[in-house]
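First up is the structure itself, then whatever we jot down about it.
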Amino acid sequence: MLSILRLTLQRLGLGVLVLFVVSLIIFLGVELLPGDLCQAIQGQSATESTVAACRKDLGLDQSAPTRYVHWLQGIVKGDFGKSLANGRQISELISVRLQNTFFLAIVAAVIAVPLSLTLGILAALYRNSWFDRTINVFTLSSISFPEFFVAYILILVFSVKLGWFPSLSDVSPDTPFFERLYKVFLPALTLTLVVMAHMMRMTRAAIINLMASPYIEMAKFKGLSRGRIILHHALPNAWAPIVNVVALNLAYLIVGVVIVEVVFVYPGLGQLIVDSVQKRDIPVVQACSIIFAATYVVLNLTADILSIATNPRLLHPR
Amino acid sequence: MASNTSNAANNDVLLEIRGLRIDGMRDEKWHEIVKGIDLTLHRGEVLGLIGESGAGKSTLGIAAMGYVKPGCRFSGGSITFDGIDMIAASEEKKQALRGMRIAYVAQSAAASFNPAHKLIEQFAEIPLQHQKSNKAEAYADAKDLYGKLLLPDPNRIGFRYPHQVSGGQLQRAMTAMAMSCRPDLIIFDEPTTALDVTTQIEVLMTMKDIVEKFNTAAIYITHDLAVVAQMADRIMVLRYGELVEEAPTRIMLANPKQDYTKSLWAVRSFRKTPALNLGQNDNQPIISVQNVTAAYGSLDILHEISFNLYRGQTVSVVGESGSGKSTTARVITGLLPARLGEVLFQGQALPKDYRQRSKDQLRQVQMIYQMADTAINPRQRIRDIIGRPLSFYLGMNAKQCEERTRELLDMIELKPDQFIDRFPSELSGGQKQRICIARALAAEPTCIICDEVTSALDQLVAEGILRLLDRLQRELNLAYMFITHDLATVKAISDDVVVMLKGRIVEQGSKDDIFSPPYPEYTEKLLSSVPQMDPDWMRNLLAKRS
Numbered sequence: 001m002l003s004i005l006r007l008t009l010q011r012l013g014l015g016v017l018v019l020f021v022v023s024l025i026i027f028l029g030v031e032l033l034p035g036d037l038c039q040a041i042q043g044q045s046a047t048e049s050t051v052a053a054c055r056k057d058l059g060l061d062q063s064a065p066t067r068y069v070h071w072l073q074g075i076v077k078g079d080f081g082k083s084l085a086n087g088r089q090i091s092e093l094i095s096v097r098l099q100n101t102f103f104l105a106i107v108a109a110v111i112a113v114p115l116s117l118t119l120g121i122l123a124a125l126y127r128n129s130w131f132d133r134t135i136n137v138f139t140l141s142s143i144s145f146p147e148f149f150v151a152y153i154l155i156l157v158f159s160v161k162l163g164w165f166p167s168l169s170d171v172s173p174d175t176p177f178f179e180r181l182y183k184v185f186l187p188a189l190t191l192t193l194v195v196m197a198h199m200m201r202m203t204r205a206a207i208i209n210l211m212a213s214p215y216i217e218m219a220k221f222k223g224l225s226r227g228r229i230i231l232h233h234a235l236p237n238a239w240a241p242i243v244n245v246v247a248l249n250l251a252y253l254i255v256g257v258v259i260v261e262v263v264f265v266y267p268g269l270g271q272l273i274v275d276s277v278q279k280r281d282i283p284v285v286q287a288c289s290i291i292f293a294a295t296y297v298v299l300n301l302t303a304d305i306l307s308i309a310t311n312p313r314l315l316h317p318r
Numbered sequence: 001m002a003s004n005t006s007n008a009a010n011n012d013v014l015l016e017i018r019g020l021r022i023d024g025m026r027d028e029k030w031h032e033i034v035k036g037i038d039l040t041l042h043r044g045e046v047l048g049l050i051g052e053s054g055a056g057k058s059t060l061g062i063a064a065m066g067y068v069k070p071g072c073r074f075s076g077g078s079i080t081f082d083g084i085d086m087i088a089a090s091e092e093k094k095q096a097l098r099g100m101r102i103a104y105v106a107q108s109a110a111a112s113f114n115p116a117h118k119l120i121e122q123f124a125e126i127p128l129q130h131q132k133s134n135k136a137e138a139y140a141d142a143k144d145l146y147g148k149l150l151l152p153d154p155n156r157i158g159f160r161y162p163h164q165v166s167g168g169q170l171q172r173a174m175t176a177m178a179m180s181c182r183p184d185l186i187i188f189d190e191p192t193t194a195l196d197v198t199t200q201i202e203v204l205m206t207m208k209d210i211v212e213k214f215n216t217a218a219i220y221i222t223h224d225l226a227v228v229a230q231m232a233d234r235i236m237v238l239r240y241g242e243l244v245e246e247a248p249t250r251i252m253l254a255n256p257k258q259d260y261t262k263s264l265w266a267v268r269s270f271r272k273t274p275a276l277n278l279g280q281n282d283n284q285p286i287i288s289v290q291n292v293t294a295a296y297g298s299l300d301i302l303h304e305i306s307f308n309l310y311r312g313q314t315v316s317v318v319g320e321s322g323s324g325k326s327t328t329a330r331v332i333t334g335l336l337p338a339r340l341g342e343v344l345f346q347g348q349a350l351p352k353d354y355r356q357r358s359k360d361q362l363r364q365v366q367m368i369y370q371m372a373d374t375a376i377n378p379r380q381r382i383r384d385i386i387g388r389p390l391s392f393y394l395g396m397n398a399k400q401c402e403e404r405t406r407e408l409l410d411m412i413e414l415k416p417d418q419f420i421d422r423f424p425s426e427l428s429g430g431q432k433q434r435i436c437i438a439r440a441l442a443a444e445p446t447c448i449i450c451d452e453v454t455s456a457l458d459q460l461v462a463e464g465i466l467r468l469l470d471r472l473q474r475e476l477n478l479a480y481m482f483i484t485h486d487l488a489t490v491k492a493i494s495d496d497v498v499v500m501l502k503g504r505i506v507e508q509g510s511k512d513d514i515f516s517p518p519y520p521e522y523t524e525k526l527l528s529s530v531p532q533m534d535p536d537w538m539r540n541l542l543a544k545r546s
C-alpha cells in the first residue's frame, strides 16, 4: 500500500506543477495579445488621461511579473478578480455557472458511463453478432455528427414533434431539482450520444484484446461460463485503459459543453466563456481557462490513480 | 495390448480418437496440421506425445477437449471421450465436461493464471461452476491438494496472487487446480518446459505422484524425451501432424524403430572435437574477467566474477534463471558497466562502458541471442542484415559487401543465391539463428558470446547449430562464451565450465573436472536433476534423495 501512496503523492505533485505551468501559459498568452485593454474598452472616447486612470484602476500600470504574482495569489485564495464588463466579483459570477455546468455533466455522466460500459461488455460478449454490429453503427454514427446537429435533431423530435421535453434549458438558481432534471434532459442526452462511442468502443476493445491471453484460454478450459470469463477474468484486467478513456470523456463533459450550452441556451460556464470572449472580458476568460485546466488535471489524476490501484502487482506487492 | 480383442479392454477405454484431421488457416488458406491420427487412451494410463514444434502435438492434446484454437477447424475423424462425441457435442455439453472431467495444465503457469485473482479463488471457481462443491469445501480441498503437491505452507499459499509465488510453485498450483474436480483425464501441455532443471524435477515428481494417487489418465505433451520417459506408460512420436511410431515407454526407449525416432534419440550424443591447444592455458587469455561486481541500481547482481576465455576454446556458463549468466555477458560487452573489477582484452583493460570503446574493441566481441526473431530486423533483407557489420566495422563498399556476404552464407551452410535476398520471415527458426551467426562472424571477431542460442530451437535443429558453431570455432580459432541452462548442451560443446548461482561462481574448471566426482553440493544437485532417458531414473533419484 505504501507504494500506491507514494505514487499518488507523486502524481498529485505533478498535477500541481502542471496547473502552475498552465497558469503561466494563460497569463503569458493574454499578455501577448496585441493592443491596449483600456483603449479597447473605451474605444473612440479614449483620451490619454482616462486610459491612464483606467490602467491604474485595473492595476495594469504594474510590471507583468508583479501582476502575475498578484493574480496567482488571488487564485489560490479563490479570488479571481473583478469582471471588466460589469465590475462584479468573478468568483461570484462563476460559482452559479460552474454549478450548472457540473450539474449537466453529472447528469450526462450518470447516463453515459454505465450505459457505455454495459454496451461495451455486451458487445464484447456477443462479438460480431447483430447486436454488436448495431451498437457499433449506432454509436459511431452519433459521434460522427456534429454536436449541434445531434442537438437540433433531438429538439426536433422530442420537443417540436413529440413535445415531451423543453427545447430551452433556462434554469435559474431557484429551479427545483426535478424540474431542473427535466429541463437538462435534452442537453444531457446530446452529450451522452457524443461521448458514448469512445467509452463503449474502448471497453469492447480492451476486453477483446484480453480474450486472446493465455489466462482467458485457461478459463475456457476450466469450463467457465462466457459471462464469468468476461466479467470475472477479462474486465478486472481491462480497467486501466477503460478508466483513462472515461476520465477523458468526463473532462469533455465539463470543458467541451460550449456548443451544447449555446444551442440549449443553458446558463453554464461554456456560455459565460463565449460571452466573455465577445466582450473582451479577459479576467473572466482567464478564470474559466484555469478552471477547465484544473478539471482536466484532476480527472486525469483520478484515472491514473485508479489504474494504478487496480493493478494487482502494485496492490499486493511480493 | 490389442484393445479390440476383448470387451473388457474396450470398456476400459477413456478416450478414443480415430482418423482425426484438423485444419489451420495460414495465408488465407486451410492447411492440414493434424493428418489422420488414431489415439487410444485407457483409464489411468499416461500417454506421452512427443515431437518437434509444428508436429501438431498441442493441437491434438486440446482437441481431446473438443476444442480447436481460433483459426483452426475439425475436418475429419472422430473424438470419443467416454462415449461422448466431442466434435458433435454442443458447446454447453463441452463446457460441462471441461474442468470437470477433462482438465488442462498449460506450459506457462505465469501467463495462465489470472493476475487479478488469488490462486485459491481460481481453484475454487471450477468446482463452484460445475456445482460439485460449495466454497468452503472447495477451499478445504484446495489446501489439501496444495499439501499433496508439496507446496510450502499449503493453508496459506492459496491466498497469494500469482505474481507472489515462484514459477515452479505456480506450475504445481495449476496441477492442483486441474485436480479440483478429480477429472478422468488431464492434458499436460509442456508443463515443465519453462522451468529450471532443479525446479523441473520437483514439479515432475509431484505431478507423477498425484496422477498415480487419483488414478487419473493423462496426455503428457513435451519435446523432451527424458522427461516423457519418466512420466508416460506409452509414447507416441509425432511429426508434421502424423504418427511416426507408438510403443510402450520401455520398448520405445530400448528399441526405436523409425529413423526419425532414432535421430531424436541420437541428438544427445553430439560431442565437440576437443580443442587442440588445451595444454596451452598458460597462453594469454583473449578475454579475462577479473573480480567483476555489477549492479542494477543499488542491488549487486554479480559478486566478484573471474574467469578467462582462450582462443579456440569454449567456456560454458551454466546456471538457473536469475543466476547472473546474461548479466555477465552484458558486463563483457559493456552494456552494463561493472561497478568493480575489470574486463581485459588481450591483457589490456577495456573501457567499462561500450560507448567509450573503440570500433575495433567493439568488433572483437560479438553476440548471438536466444531469440533470433527479435534479434534481426524483420524489414531488412539478409544482405542488409549481414552487410551492415561489414560496412560499419570494416568499411567495405557495396561490391565487397556482396562478395563477403556470399562467403559468409556459404560458411553457415545456406546457399547464397537462394537466401541473400530473402526476408527473415521467409526463414525457419534454425535458419534465422544461422543468419545471426553469420552477422556475428561478419565483424571478424575473436570472441563470440552465445546467449542461450539453442534454447528456443527443436533438438535436431539445435544440434545442427551446435555442429556449425563447433566447425566455425576450429576453422576461425574463435573463443566462445556459451551461456546456457541446459546441461546436455554444456556437455556437448564446452572445454571449460563455469557454474553460477545467485550471481556467484560456485565452481569452475575443465569440463572433465566438473562432470566427474567429487561434486560440490550445488553442482551435484544440478547434475542429478537432469532427466535421464532411463524410465526408472526419477524413482531411483527420489529414493536416493529421501
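Line by line, the protein sequences give chains A and B. Quick note on numbering: the numbering used here labels position 10 of the first sequence as 10, and the sequence is numbered without any gaps. Quick note on numbering: the numbering used here labels position 67 of the second sequence as 67, and the sequence is numbered without any gaps. We put the CB at the ideal spot given by N, CA and C, even for glycine.
In three-state terms, what does DSSP make of residue i?
i	result
tryptophan 265(B)	helix
threonine 199(B)	helix
glutamate 48(A)	helix
alanine 205(A)	helix
valine 18(A)	helix
histidine 117(B)	coil
glycine 279(B)	Low confidence applies here, because glycine 279(B) scores a pLDDT of 47, under 50, leaving its location unreliable; read the following figure in that light. It is helical.
alanine 229(B)	helix
glutamate 342(B)	strand
tryptophan 164(A)	coil
proline 248(B)	strand
alanine 9(B)	For alanine 9(B), the pLDDT reaches just 49, beneath the cut-off of 50, and the residue's location in the model is therefore unreliable, leaving the point undetermined.
glutamine 62(A)	coil
lysine 257(B)	coil
State buried or exposed for residue i, treating a residue as buried only when at least 16 other CB atoms are found within 10 Å of its CB.
i	result
lysine 325(B)	buried
glycine 509(B)	exposed
phenylalanine 178(A)	exposed
proline 176(A)	exposed
proline 445(B)	buried
serine 45(A)	exposed
tyrosine 296(B)	exposed
histidine 130(B)	buried
aspartate 184(B)	buried
serine 23(A)	buried
Keeping to the same chain, check which residues put their C-beta closer than 7 Å to that of residue i; ignore five residues upstream and five downstream.
i	result
alanine 309(A)	Ile4 and Leu315
isoleucine 376(B)	Ile385, Pro424, Lys432, Ile435 and Cys436
Going by CA-CA distance only, name the one from the options that's closest to residue i.
i	options	result
threonine 175(B)	Ser166(B), Tyr161(B), Pro191(B) and Asp417(B)	Pro191(B)
isoleucine 282(A)	Leu33(A), Gly13(A), Gln10(A) and Thr192(A)	Leu33(A)
glycine 36(B)	Gln473(B), Arg18(B) and Gly44(B)	Arg18(B)
glycine 54(B)	Glu45(B), Gly429(B) and Leu340(B)	Gly429(B)
threonine 261(B)	Gln364(B), Thr199(B), Ile50(B) and Leu541(B)	Ile50(B)
asparagine 540(B)	Glu16(B), Gln171(B), Lys93(B) and Gln230(B)	Gln230(B)
isoleucine 251(B)	Ala178(B), Leu238(B), Ala232(B) and Thr484(B)	Ala232(B)
serine 116(A)	Glu217(A), Phe138(A) and Gln286(A)	Phe138(A)
valine 331(B)	Ser321(B), Thr314(B) and Arg357(B)	Arg357(B)
leucine 225(B)	Thr489(B), Met538(B), Met533(B) and Lys544(B)	Met533(B)
isoleucine 207(A)	Ile242(A), Lys220(A), Pro214(A) and Thr190(A)	Ile242(A)
Near residue i, what residues of its chain come up, given a Cβ to Cβ distance below 6 Å and the 5 sequence neighbours on each side ignored?
i	result
isoleucine 169(A)	The question names isoleucine, but residue 169(A) in the sequence shown is serine. Excluding residues within five positions, the ones whose Cβ falls inside 6 Å are Lys183, Val184, Pro187, Phe264 and Tyr266.
arginine 73(B)	Asp23
glutamate 402(B)	none
tyrosine 68(A)	Phe27
For residue i, collect the residues of the same chain with a Cβ closer than 8 Å to its Cβ; drop the 5 residues on either side in sequence, then sort them by chain order.
i	result
arginine 160(B)	Lys118 and Leu119
Quiz item: Quick one: complete beta strand (DSSP E) runs, 3+ long, within the segment 285–335 of chain B?
Solution: 287–296, 299–309 and 314–318
Exercise. With a floor of 4 residues, list each alpha helix (DSSP H) that falls wholly inside the segment 278–316 of chain A, ordered by position along the chain.
Key: 282–309 and 312–315
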